[in-house]
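Following: one structure in structure tokens, then a few remarks.
There are 2 protein chains.
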Amino acid sequence: MATTTPLSLERAARLFHALSDEKRLRIVEQLRSGERCVCDLTGALSAGQSLLSFHLKTLKEAGLVTDRRQGRWAYYSLNPQAMAELEELAGALRADAEQSGPAHCCG
Amino acid sequence: MATTTPLSLERAARLFHALSDEKRLRIVEQLRSGERCVCDLTGALSAGQSLLSFHLKTLKEAGLVTDRRQGRWAYYSLNPQAMAELEELAGALRADAEQSGPAHCCG
DNA sequence: CTGACGCATCAACGAAAGTTGATGATAACC
DNA sequence: GGTTATCATCAACTTTCGTTGATGCGTCAG
Numbered sequence: 705m706a707t708t709t710p711l712s713l714e715r716a717a718r719l720f721h722a723l724s725d726e727k728r729l730r731i732v733e734q735l736r737s738g739e740r741c742v743c744d745l746t747g748a749l750s751a752g753q754s755l756l757s758f759h760l761k762t763l764k765e766a767g768l769v770t771d772r773r774q775g776r777w778a779y780y781s782l783n784p785q786a787m788a789e790l791e792e793l794a795g796a797l798r799a800d801a802e803q804s805g806p807a808h809c810c811g
Numbered sequence: 705m706a707t708t709t710p711l712s713l714e715r716a717a718r719l720f721h722a723l724s725d726e727k728r729l730r731i732v733e734q735l736r737s738g739e740r741c742v743c744d745l746t747g748a749l750s751a752g753q754s755l756l757s758f759h760l761k762t763l764k765e766a767g768l769v770t771d772r773r774q775g776r777w778a779y780y781s782l783n784p785q786a787m788a789e790l791e792e793l794a795g796a797l798r799a800d801a802e803q804s805g806p807a808h809c810c811g
């Protein structure tokens, strides 16, 4: 069996928080099909450029996206490693196979 | 190929938000090994009873946990269905296999 | 019936997050 | 060199969230 990763709750909270906003999820949805520049995203989400920068920064600080500068454009794309980490995390939160019964309360 | 689920971003944001707090993650961690009453959790997290009720309500409203009343105790446990939904969601957010290339910006 | 226990709910507060508009930095175009 | 386009950053504001202590409700024990 694979040794379960340390499962840092602080890290987990950061990842989940970055995905806890609908606009950021829409950004991720856009990036699934490849990298996008900010101006593309403002169009797709019909949101202000300033707001997009804010959300992209949040996603970037969580490690979920990476950015690449080319000319005057900034291209953002998903970080596959972080997405894998997320999926692994979701699996790690599931209930144990062996339950410890209803248990005597406040023991 | 499997048809991708509707993937409601509103629902996804709700789930992720419920898990975006470290204390709530600690609650989930506790519940992985079976149901617990509130007084057990206050001990495990060394947090006030009022605060626990607040976080448990957040988790419950997101559908991640269920509660059962017995006598004067309230037992909380994980909702396996929601945990599965979470894992499925994490998988659905990964990048597509076929990328649409760097793309011409602002097309 | 009375008092103690377990829990939810409420009000109040401070902290953090989301939003908007303005400003500034860098790169391209004329 | 001056102008325009793309994007990041900042200040200011509003909303939401997390936290605490007090209050209320139901349940068990004496």
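Protein sequence lines correspond, in order, to chains A and B. Counting in the numbering used here, the first sequence runs from 705 upward without gaps. Counting in the numbering used here, the second sequence runs from 705 upward without gaps. Where a beta carbon is used, it is the ideal one built from N, C-alpha and C, also for glycine. Remember, it's a predicted structure, so these values are computed and weren't measured experimentally.
(request) Output, in chain order, the set of chain B residues within a Cβ distance shorter than 9 Å of residue 757(A). (result) Sequence index remark: in the first sequence, residue 757(A) carries index 53 (1-based). Neighbours of residue 757(A) on chain B: none; closest Cβ ~16 Å, over 9 Å.
(request) For chain B, find out if any of its Cβ atoms is closer than 8 Å to the Cβ of residue 795(A); answer yes or no. (result) What you label residue 795(A) is simply residue 91 of the first sequence in a count that begins at 1. Closer than 8 Å: yes.
(message) Applying the 10 Å Cβ sphere with the 16-neighbour rule, what's the burial state of residue 773(A)?
(response) Counting from 1 along the first sequence, the entry for residue 773(A) is found at position 69. Its Cβ having fewer than 16 others within 10 Å, residue 773(A) is exposed.
(request) List the residues of chain B that residue 726(A) touches, going by C-beta distances under 7 Å, in chain order. (result) For the purposes of this step, residue 726(A) is identified with residue 22 of the first sequence, where counting begins at 1. Near residue 726(A) (Cβ distances below 7 Å), the residues of chain B are 713, 714, 717.
(message) With DSSP as the reference, identify every bridge partner of residue 782(B), one or two as the case may be.
(response) The sequence position of residue 782(B) within the second sequence is 78, counting from 1. Per DSSP, 769(B).
(message) Check whether chain B comes within 8 Å of residue 737(A), counting only Cβ atoms and requiring the distance to be less than that.
(response) For this step, residue 737(A) is matched to residue 33 along the first sequence. Answer yes: the Cβ-Cβ gap between residue 737(A) and chain B drops below 8 Å somewhere.
(request) Within its chain, find whatever has a CB closer than 6 Å to the CB of residue 709(A); leave out the 5 residues flanking it on each side and keep chain order. (result) Counting from one through the first sequence, the residue named residue 709(A) turns up at place 5. Summary for residue 709(A): the model assigns pLDDT 49, below 50, so the residue's position carries little reliability; its value from the coordinates is reported in the next sentence. Cβ within range, chain order: n/a, list empty.
(request) Round the Cβ separation of residue 788(B) and residue 768(B) to the nearest angstrom and send it over; I've been treating them as touching at under 8 Å. (result) Here residue 788(B) refers to the residue found at position 84 of the second sequence. Here residue 768(B) refers to the residue found at position 64 of the second sequence. Rounded, the Cβ-Cβ distance is 11 Å, inconsistent with contact.
(message) By the 7 Å beta-carbon criterion, what residues does the region 757 to 778 of chain A contribute toward chain B?
(response) 777
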